[in-house]
Amino acid sequence: MTNTTENTNVTEVRSPDFEKWNFRYQKNWCTKSQLVMVVELERLTEEEYKLITNLEYPNLQ
4 MTNTTENTNV TEVRSPDFEK WNFRYQKNWC TKSQLVMVVE LERLTEEEYK
54 LITNLEYPNL Q
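Residue numbers in the sequence shown follow the working numbering, run continuously in steps of one, and reach 64 at the last position.
Below, the structure is given as structure tokens:
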């Protein structure tokens with residue numbers, strides 16, 4: 004007997020500014036500390052910070 008899981012099309016909802024800040028971080032146009040400020044301003048979530056930096060919020064290493 005084989006266990007299978009159905010692939011459900013779940014769309015993850017992101018903040019309106021997620022793509023902008025992700026792009027800026029990937030281009031080294033902003034720092035982790037700047038992203039922390041963006042989270043504090045509630046323009047990104049802590050989860051989105053983790054997606055962008057691969058670090059737990061508010062890790063600034």
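Note that beta-carbon positions come from the ideal geometry of N, C-alpha and C, so glycine has one too. Values in this document were obtained by computation on a predicted structure and should not be read as measured data.
Between asparagine 31 and glutamate 51, the C-beta spacing is not below 9 Å. Within its own chain, the residues whose Cβ lies closer than 7 Å to the Cβ of arginine 17, once the five positions on either side in sequence are excluded, are Glu51, listed in chain order. When the beta-carbon positions are compared, valine 42 and glutamate 49 come within less than 9 Å of each other. In terms of CA proximity to arginine 46, Pro19 leads the group Pro19, Gln29, Glu15.
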